[in-house]
Amino acid sequence: MIRPTVLNGILSQANAEGVTGTLLMNREGMVLCHAGCDESRAEAIAAIASNIWCSYEKSGQETFRDDKLKWFFLEGSEGKIAICKVSTLLLCMVANDTVEIGMLRGKLHAVKHCLEPSLTHILPR
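Just so you know, the sequence shown maps onto residues 557 to 681 in the numbering used here.
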């Protein structure tokens, strides 16, 4: 079992070198834990990110008969967002526009590999 303070600490560690926020959310967009941004911003990001994730995942299932979407990257005028699946949840990182995609992806996967063993044991598939 992972304690909330430990979870928040793990998410907070990723918030450096241009990464401004890290969120753990369910597929419906409900924020379970976040670090680096306020509650309302976290909720807005989670709602949009989960909606996009689910749309692309559904499209992949219908088109390619494949539900193995591994990660997703968005680039906008105000920065970048990277999303990946951790057990049955979604992990999202928000970064400013100076962060390179490789660095963002590396941080995303480092946090994923840190959280996945604990979350896999407590969440049903």
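The C-beta atom is built at its ideal place from N, Cα and C for all residues, glycine as well.
- Closest in C-alpha terms to residue 592, from the list 608, 603 and 574, comes 574.
- Taken through DSSP and simplified to helix, strand or coil, residue 649 comes out as strand.
- For residue 630, the uninterrupted beta strand (DSSP E) run begins and ends at 627–632, by DSSP.
- Per DSSP, residue 580 lies in no alpha helix (DSSP H) segment; the continuous beta strand (DSSP E) that holds it begins and ends at 575–581.
- DSSP, reduced to helix, strand and coil, places residue 675 within a helical segment of the structure shown.
- By the C-beta density criterion, residue 590 is buried, having at least 16 other C-beta atoms within 10 angstroms.
- With 16 or more other Cβ atoms from the protein chains shown falling within 10 Å of its own Cβ, residue 606 counts as buried.
- Around the beta carbon of residue 577, 16 or more other beta carbons lie within 10 angstroms, which makes this residue buried.
- Within the DSSP secondary-structure output, residue 635 pairs in a beta bridge with 632.
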